[in-house]
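Structure, as structure tokens:
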Amino acid sequence: MRCLSLCRHTPQPVSPASSLKDAPRNSNAWESPPKSPKSPTTLSPDGKPSKELRPITPVKTTRPSTPGSGSRSQRHLILNFDVNKTIVMMDSVTNKNMEHILNEVLACAVWGEEVKGAWVCKSESPTVQPLRSGLISYYQFVEKQNPGPKNKLMRDAKCGTFTDPGQPGAHLQDVHGHLTKQLLLPADVVGTKGAIGVGLESRFTFIIPAFFQLLIHLKELGRSFSLVFRTFGNELKQVETEFNAFCTGSHPCFPGVVMDGSDGKADMRMDLTNPEKFGTFYRARDGITLVMGTLEQPAGDPPGLQMYFNDENDIETLDQNGRGVKKVYNFIYDKHPGVDNISDWFEEHAGPSKPQTLALRDYFPYWREQGMVGEAGKLLPIDTAQYNAEPGQTLGSHHIFIDDNIRYSQAKIVDVRDKANPQKKYDIKHLMRTHVIRAEPLHSITEGTYFIER
-13 MRCLSLCRHT
-3 PQPVSPASSL
7 KDAPRNSNAW
17 ESPPKSPKSP
27 TTLSPDGKPS
37 KELRPITPVK
47 TTRPSTPGSG
57 SRSQRHLILN
67 FDVNKTIVMM
77 DSVTNKNMEH
87 ILNEVLACAV
97 WGEEVKGAWV
107 CKSESPTVQP
117 LRSGLISYYQ
127 FVEKQNPGPK
137 NKLMRDAKCG
147 TFTDPGQPGA
157 HLQDVHGHLT
167 KQLLLPADVV
177 GTKGAIGVGL
187 ESRFTFIIPA
197 FFQLLIHLKE
207 LGRSFSLVFR
217 TFGNELKQVE
227 TEFNAFCTGS
237 HPCFPGVVMD
247 GSDGKADMRM
257 DLTNPEKFGT
267 FYRARDGITL
277 VMGTLEQPAG
287 DPPGLQMYFN
297 DENDIETLDQ
307 NGRGVKKVYN
317 FIYDKHPGVD
327 NISDWFEEHA
337 GPSKPQTLAL
347 RDYFPYWREQ
357 GMVGEAGKLL
367 PIDTAQYNAE
377 PGQTLGSHHI
387 FIDDNIRYSQ
397 AKIVDVRDKA
407 NPQKKYDIKH
417 LMRTHVIRAE
427 PLHSITEGTY
437 FIER
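With our numbering, the residue at position 244 of the sequence shown is 230, and numbering never jumps.
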């Protein structure tokens, strides 16, 4: 089976598989994947590849699931994708531009030692894992020196200027420049009507190519999946514009893609006018609420759900993006620590019977208030009870969360709750083999097959 020849640079063949890891590595986001796998690479100061052995934690979905998807029966995937610094190299919550984000990426991937309260660089090339024990990344050093939510601005300022002249990573300015070049649009696309029409008004990409390459790959495999965009920020409208152009085949870099339902398959377009397809979480100490039909979040001291109610039976008319959409808010609530209602909602609205794209805004204030720990972060409901189903029995969905803030030592930003046992806390090593993936922008920016390999 071959990959769809839908991108501007035609992919080479890859083999169908039950996981997302089997395509060969791509050294350039816009180039065709090579015919055979290469060793994982890192970037040297001159921007050239150098070999690095880094761990790959594939997500395996080998149990039988919904019949008729791909060459064998497989569990339906619900792919929860963080937006900022995972598929988009900017952050609307903290107002970080691409230059700042790339400095943070390198600050996380350059290793040194702490000597008398100072950080001393010990690596010339960035790697996502230290090459020997006893090293600490510059980002980790800054976190250690400036801990807690109150010092976040200080950490952002230090890491966001990491490669600037006079800073600890100044010797990596060429690598920063190389990453920047990888985010450039093809020269024949820049400034065209097609690019401007999908929101690409500058020389740079918005959604990175590796994300689109994954969707093309899943489509070719016939894999049943749903997408859920998850973000603390307010960039979902911009994501919708470019993503829907991709789905309809009108994206200038991926012409001819069909993911709008016109081929009789699932319609994967986002729809921020349909109250069943977008919403926001609100978290408090006593529980979690998913409010569908709005991206606006409660304010006030203390905040609450009162802003969503009025005297007309919970119906409001909002001028959402100038479209004046009438919305009926739907509240899905679970008392802490349960997740039955929200878990069931996900299965009903993004499960195998309804493959589609949803857009959900997560609640940053509560995560920050609780010290930026996973238990207060972005909810990922799973249901391990269905894993014990008999062969041939419908197993439901397999949730995966991809986020750059996930740590190899802790979930950090993702709150994994098991419907069958909501009190249980899972070890991160187990979760990274099954449900969570740390996105590494150092590689996803430059490798078109990065998400396929994960």
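Built from N, CA and C at the ideal position, the CB exists for glycine as well. Keep in mind it's a predicted model, so treat the numbers as computed, not measured.
In this structure, residue 91 sits away from residue 192, with a CB-CB distance that is not shorter than 9 Å.
Here residue 162 carries a helix assignment [DSSP, helix/strand/coil]. Each residue's CA atom was taken as its position, placing residue 388 and residue 422 some 6 Å apart. Here residue 273 has 319, 320, 321 and 322 as same chain residues with Cβ atoms under 7 Å from its own Cβ, once five neighbours each way along the sequence are excluded. A check of alpha carbon separations from residue 370 across 331, 347, 336 and 420 identifies 420 as the nearest.
Annotated as distal: residue 440 and residue 414, with beta-carbon spacing of 9 Å or more. In this structure, residue 437 lies away from residue 60, with their beta-carbon atoms at least 9 Å apart. Rounded to whole angstroms, residue 165 and residue 428 show a C-alpha spacing of 8 Å. Pairwise C-beta distances place the region 249 to 258 in contact with the region 332 to 342, as three or more of them are shorter than 8 Å.
Approximately 4 Å separates the beta-carbon atoms of residue 218 and residue 350; this is inside 8 Å, confirming the contact. The straight-line gap separating the alpha-carbon atoms of residue 335 and residue 381 is approximately 16 Å. Note on the region 195 to 261: whole beta strand (DSSP E) runs with a minimum of 3 residues are 211 to 217, in chain order. Comparing alpha carbon positions, the residue from 66, 265, 178 and 224 closest to residue 214 is 66.
Contact annotation, residue 291 with residue 275: C-beta distance approximately 6 Å; criterion of less than 8 Å satisfied. When rounded, the separation of the alpha-carbon atoms in residue 202 and residue 172 is 19 Å.
In this structure, the straight-line span from the alpha carbon of residue 162 to that of residue 149 is close to 7 Å.
At least 9 Å separates the beta-carbon of residue 286 from that of residue 315. The three-state secondary structure of residue 370, taken from DSSP, is helix. Two segments are said to touch when three or more pairs of C-beta atoms, one from each, lie closer than 8 Å; by this definition the region 137 to 151 does not touch the region 101 to 111. Going by beta carbons, residue 430 and residue 72 fall inside the 9 Å limit. For the pair residue 357 and residue 397, the CB atoms are not nearer than the 9 Å cut-off.
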